[in-house]
Amino acid sequence: MSSLRKTAVVAAACLATLAVQADDCIRYNGLTCVQCERGNYLSGGRCYDCPNDCDVCTDGATCTTCESGNYLSNGRCYDCPEDCDVCTSAGTCDRCEFGKNFNGVRCVRNGMNSASTVGVLGAASVLLAAALAVVA
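For the sequence shown, counting from 1, position 99 maps to 99 in full-length UniProt numbering; every step adds exactly one.
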């Protein structure tokens with residue numbers, strides 16, 4: 001086999017390897033993928049995208065974990081209420097975005113008189129007083 005032909009064969013093998021590895025695989029066994037990145041599922045040695053809003057899935061239609069701001073129901077991910085980071089169903093919110101509280105219907109901005117704001121301000125004033133006492 002000529003040197004030029006050997007070079008062409010090696011180059012073709014390298015290109016084939018790059019083409020196979022140009023997906024979301026994070027671990028290979030030879031040219032076969034054995035583990036995909038989150039948000040992808042493994043099928044036939046290749047990685048494929050999970051459905052929208054799905055963080056972990058078993059195939060192209062079944063989610064097992066949803067991205068933040070979504071909840072899982074019957075293998076599918078659905079949007080949480082507006083401004084909600086964590087929920088378990090459409091009408092609930094376990095954790096609103098920072099600075100907001102769930103009022104039973106939706107996440108609303110904390111007011112200056114809300115219990116959480118008063119508690120935070122009270123704690124901040126205690127810490128400030130303690131810091132000033134140390135400095136003095």
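The beta-carbon is built from N, C-alpha and C at its ideal position, and this holds for glycine as well.
The structure displayed is predicted, hence computed values, not measured ones.
Per DSSP, reduced to three states, the secondary structure at L72 is strand.
9 Å or more divides the Cβ of T88 from the Cβ of G75. G104 and C66 have their C-alpha atoms spaced approximately 23 Å apart. Positions of the alpha helix (DSSP H) runs, each at least 4 residues long and wholly inside the segment 75 to 110, cannot be given because no such run exists.
Burial of N70 is indicated by the presence of at least 16 other C-beta atoms within 10 angstroms of its C-beta. The beta carbon of L42 sits closer than 6 Å to the beta carbons of C36 from its chain, once the five residues preceding and following it are set aside; these are given in chain order. Its Cα nearest to that of N40, the residue C54 stands out among G30, C54, T32, R106.
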